[in-house]
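Enquirer: In case it helps, full-length UniProt numbering puts the sequence shown at residues 1 to 477. Heads up, the beta-carbon is just placed ideally off N, CA and C, and yes, glycines get one too. Before I ask anything, let me first share the structure, which is written out below as structure tokens.
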Amino acid sequence: MHDLLDPLILSRWQFGLTTIYHFLFVPLTIGLATTTAVFQTAWVRTNKEKYLRLTRFIGKLFLINFAMGVVTGIVQEFQFGMNWSDYSRFVGDVFGAPLAMEGLLAFFLEATFIGLWIFGWDKLPKKLHLVTIWVTAVGSILSAYFIIAANAFMQNPVGYQINEAKGRAELTDIWSVVTNKVALAAFPHTIVACFMVSAALLIAVACYHLYRNQHLDTMRPLLKFSLWTMVGAGILTVLTGDQLGLAMVQTQPMKMAAAEALYTTSTGADASFSIFTLGTPDGTSELFSIRIPYLLSFLSTHTLDGTVEGINDLQAQYVQLYGPGDYSPTIWVTYWAFRWMIGLGLVSVLTAIVGLFLTRKGRSPKRRWLWRVGIWAFPLPLAAMIMGWIFTEMGRQPWIVFSLLKTSDAVSPGITGVDVLISLIVFTLLYGALAVVEFGLIKRAAQKGPELSPGAEVDDEHTPASGDGPAVPSTVY
């Protein structure tokens, strides 16, 4: 019972759960804002009604998601002072700088111009109104960059000095913080993955309506656009992930070793990558494994004969550097989170490629279950992103700021397990209620589909928002 009320364990669970919940909305906000801007640009350039309807429709999904993201994001700020006051005291001078820039610059842009976009319809000139949604989209991406820069300091501390008298890290070079090599590598990887998530949602929505033979003039182009977005963003996610992996090896070699459960330093063919492994409960020995020779060496060094340091050797180095202790993360978590991240992402891209094949040249799947695949595949890239963040944060353990501050030393000294447990239960119930509201609003808006503007005429064929069967296109594949 004592362990169950450990404030450190409960604080980690609370922060992890609330962060993952908040992160459900972040990639959709970034992706949907840019997608809305793209379709509004198409409308301004062509004056086609279908693009206006798509702009308003996707914009509604974006606004619902944005509002929920703001509400859940505020909680993250409070937790630093409530559960992690020693962390805030130690690193606040550095960590607070990019967060302040996010709030004062990026979020200010996003919040201001989203208001102009909402209330500027029929009041601002079309091109000026278009600018407001693009600034909103840029603001959301810029906001993500500053948050990633703050997190990158926890992965690779730079731009600071330790004030021994005050026992804390103090900012010396903000430019080094915002241009941290981990931030520069993680940012593009995260953003293109966000577009995969938003594309998956729009694919699901388009499949839902095409399955019912409704809103054909808007859902067909939306499906095609979203499928191509998924494929393009998926390819970029792989390429940017490769660069992030190189940065990770340079700054946190233990994380790469933990991703492979590599205990012994290996070179060349021995530095293989396991697709699937069955091992002993403690993870130190494998019973069965499917491996690709040289792949881990290539991922870590971009050479086939590179050396990848193992957990045991790194543990010995860290003991010499930082004193006695266990400096390896929970291996089974990092190992499987890394593979679920990759696997779910690849399945998402392959599903989109199949979708492009089945819908080529105006064709449409005749089998009803194929539409359902497109609908139910929505959670895959989102789950892949969540697995990626679990790997990123769990792979850093036992450090909350790598090499500077351990997680066990960061929790608030005066807080009790009962305090955290109560807030954890309250947050869980509150977030559960918010999840029901969010899902209901998104589902209702998505099922209703794009609305026809007053007095407007559709560009192409249009069927009303009704129908009880799958789409019957002119050419059936």
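Quickly, what does DSSP pair Tyr160 with across the bridge? List them, please.
Expert: As a working mapping, residue 160 is identified with position 160 in the sequence shown. In DSSP, Tyr160 forms a bridge with Leu171.
Enquirer: In this structure, does DSSP put Gly455 in helix, strand or coil?
Expert: Position 455 of the sequence shown, counted from the start, is the residue given in the question as residue 455. Here Gly455 scores only 45 on pLDDT, less than 50, and its place in the model should not be relied on; the value that follows carries that caveat. If DSSP states are grouped into helix, strand and coil, Gly455 belongs with coil.
Enquirer: DSSP three-state label for Trp121, please.
Expert: Residue numbering aside, residue 121 sits at position 121 when the sequence shown is read from its first letter. It is coil, neither helix nor strand.
Enquirer: I'd like the span of the alpha helix (DSSP H) that includes Trp376, first residue to last.
Expert: Position 376 of the sequence shown holds residue 376. Arg368 to Trp376 is the extent of the alpha helix (DSSP H) around Trp376.
Enquirer: Using the rule of at least 16 other Cβ atoms within 10 Å of the residue's Cβ for burial, across every protein chain shown, is Arg444 buried or exposed?
Expert: For the purposes of this step, residue 444 is taken as the residue at position 444 of the sequence shown. Label assigned to Arg444: exposed.
Enquirer: Just grab the DSSP bridge partners of Val308 for me.
Expert: Translated into the one-based positions of the sequence shown, residue 308 becomes position 308. Partner(s): Ser266.
Enquirer: Please list the terminal residues of the continuous alpha helix (DSSP H) segment that includes Ile415.
Expert: The residue labelled residue 415 in the question sits at position 415 within the sequence shown. Run containing Ile415: none; DSSP gives neither H nor E here.
Enquirer: I'd like the list of long-range same chain contacts for Ser408, defined as Cβ closer than 8 Å, with 5 residues on each side in sequence excluded.
Expert: Stepping through the sequence shown from its first residue, residue 408 is reached at position 408. Cβ within range, chain order: Leu8 and Pro398.
Enquirer: Determine the closest residue to Thr172 out of Lys181, Pro157 and Glu260, with distance taken between C-alpha atoms.
Expert: If you number the sequence shown from 1, residue 172 lands on position 172. Answer by Cα proximity: Pro157.
Enquirer: Pick helix, strand or coil for Arg45, following the three-state DSSP scheme.
Expert: Residue mapping note: residue 45 aligns to position 45 of the sequence shown, counting from 1. Arg45: helix per DSSP, three-state reduction.
Enquirer: Give the DSSP bridge partners of Ser423, in chain order.
Expert: Here residue 423 refers to the residue found at position 423 of the sequence shown. Its beta-bridge partners do not exist; DSSP assigns none.
Enquirer: Starting from Trp84, trace the beta strand (DSSP E) in both directions and tell me its first and last residue.
Expert: As a first step, residue 84 must be located in the sequence shown, where it is residue number 84. From DSSP, Trp84 is part of no beta strand (DSSP E); its letter is neither H nor E.
Enquirer: Rounded to whole angstroms, what is the Cα-Cα separation between Ala193 and Pro27?
Expert: As a working note, residue 193 is residue 193 in the sequence shown. As a working note, residue 27 is residue 27 in the sequence shown. So the two alpha carbons sit approximately 8 Å from each other.
Enquirer: For Tyr87 and Val411, I'd like the C-alpha separation in whole angstroms.
Expert: Position 87 of the sequence shown, counted from the start, is the residue given in the question as residue 87. Position 411 of the sequence shown, counted from the start, is the residue given in the question as residue 411. Cα to Cα, Tyr87 sits roughly 7 Å from Val411.
Enquirer: Going by beta carbon distance, what residues of the same chain come within less than 6 Å of Ala352, once the five residues before and after it are set aside?
Expert: Translated into positions along the sequence shown, residue 352 becomes position 352. Cβ within range, chain order: Leu227, Met230 and Val231.
Enquirer: Pull up the DSSP beta-bridge partners for Leu222, would you.
Expert: Here the question's residue 222 lines up with position 222 in the sequence shown. Answer by DSSP bridge pairing: none, since Leu222 is not bridged.
Enquirer: What's the call for Arg339, buried or exposed, on a 16-neighbour Cβ count within 10 Å?
Expert: Locating residue 339 in the sequence shown gives position 339, where the first residue counts as 1. By the 10 Å Cβ count, Arg339 comes out buried.
Enquirer: DSSP puts Ile292 in a beta bridge; with which residues?
Expert: What you label residue 292 is simply residue 292 of the sequence shown in a count that begins at 1. Ile292 pairs with Phe273.
Enquirer: On the CB-based measure, 16 or more other CB atoms within 10 Å of its CB, does Gly234 come out buried or exposed?
Expert: As a working note, residue 234 is residue 234 in the sequence shown. Its Cβ being crowded by 16 or more others within 10 Å, Gly234 is buried.
Enquirer: Assign Ser328 to one of three DSSP states: helix, strand, or coil.
Expert: By 1-based counting over the sequence shown, the position of residue 328 is 328. Coil, per DSSP.
Enquirer: Between Trp121 and the rest of its own chain, which residues show a CB-CB distance below 8 Å, the 5 nearest in sequence each way excluded?
Expert: Position 121 of the sequence shown, counting from 1, holds the residue named residue 121. For Trp121, where only same-chain residues beyond five positions count, the Cβ hits under 8 Å are His129.
Enquirer: Rounded to whole angstroms, how far is the Cβ of Ser198 from the Cβ of Thr35, which I believe are closer than 8 Å?
Expert: If you number the sequence shown from 1, residue 198 lands on position 198. If you number the sequence shown from 1, residue 35 lands on position 35. Yes, they are in contact, since the Cβ atoms of Ser198 and Thr35 sit about 6 Å apart, within 8 Å.
Enquirer: Put Lys406 into one of helix, strand or coil per three-state DSSP.
Expert: Counting from one through the sequence shown, the residue named residue 406 turns up at place 406. Here Lys406 sits in strand by DSSP.
Enquirer: If you drop the 5 nearest sequence neighbours on each side, which residues of the same chain put their C-beta closer than 6 Å to that of Phe113?
Expert: In the sequence shown, the residue the question calls residue 113 occupies position 113. Within the same chain, Phe113 has close Cβ partners Thr132, Val135 and Thr136.
Enquirer: Under 8 Å, do Leu380 and Val347 count as touching if we go by C-beta distance?
Expert: For the purposes of this step, residue 380 is identified with residue 380 of the sequence shown, where counting begins at 1. For the purposes of this step, residue 347 is identified with residue 347 of the sequence shown, where counting begins at 1. Going by C-beta atoms, Leu380 is nearer than 8 Å to Val347.
Enquirer: Look at Arg53 and Pro329 and say whether their C-beta atoms are less than 8 Å apart.
Expert: One-based indexing of the sequence shown puts residue 53 at position 53. One-based indexing of the sequence shown puts residue 329 at position 329. No. Outside cutoff.
Enquirer: Residue range of the alpha helix (DSSP H) that Gln155 falls in?
Expert: For this step, residue 155 is matched to residue 155 along the sequence shown. Residues Lys126 to Gln155.
Enquirer: Candidates Ile174, Phe78 and Val401: which alpha carbon is nearest Phe427's?
Expert: Looking up residue 427 in the sequence shown gives position 427. The candidate whose alpha carbon is nearest that of Phe427 is Phe78.
Enquirer: Roughly how many angstroms separate the alpha carbons of Ile58 and Trp376, rounded to a whole number?
Expert: Locating residue 58 in the sequence shown gives position 58, counting from the first residue. Locating residue 376 in the sequence shown gives position 376, counting from the first residue. Cα to Cα, the separation comes out at about 19 Å.
Enquirer: Flag this pair as yes or no: are the beta carbons of Cys207 and Leu222 separated by less than 8 Å?
Expert: Position 207 of the sequence shown holds residue 207. Position 222 of the sequence shown holds residue 222. No, they are not a contact pair.
Enquirer: Starting from Leu198, trace the alpha helix (DSSP H) both ways and give me its first and last residue.
Expert: Sequence index remark: in the sequence shown, residue 198 carries index 198 (1-based). Sequence inspection shows Ser at residue 198; the Leu mentioned does not correspond to that position. Counting along the chain, the alpha helix (DSSP H) containing Ser198 begins and ends at Lys181 to Tyr211.
Enquirer: Tell me the rounded alpha-carbon separation between Thr240 and Val418.
Expert: Here residue 240 corresponds to residue number 240 of the sequence shown, with the count starting at 1. Here residue 418 corresponds to residue number 418 of the sequence shown, with the count starting at 1. Distance between the alpha carbons of Thr240 and Val418: 43 Å.
Enquirer: For Leu99 and Leu116, I'd like the C-alpha separation in whole angstroms.
Expert: For the purposes of this step, residue 99 is taken as residue 99 along the sequence shown, with counting starting at 1. For the purposes of this step, residue 116 is taken as residue 116 along the sequence shown, with counting starting at 1. Computed Cα separation, rounded: 24 Å.
Enquirer: Is the region 255-268 in contact with the region 303-312, if contact means three or more CB pairs nearer than 8 Å?
Expert: With a cut-off of 8 Å, the region 303-312 and the region 255-268 count as touching, because enough Cβ pairs lie within range.
Enquirer: Any chance the region 150-166 sits against the region 87-96, with 3 or more Cβ pairs inside 8 Å?
Expert: A contact exists between the region 150-166 and the region 87-96.
Enquirer: Does the beta-carbon of His302 have 16 or more other beta-carbons within 10 angstroms, so that it is buried, or is it exposed?
Expert: Looking up residue 302 in the sequence shown gives position 302. His302 is exposed by the Cβ-count criterion.
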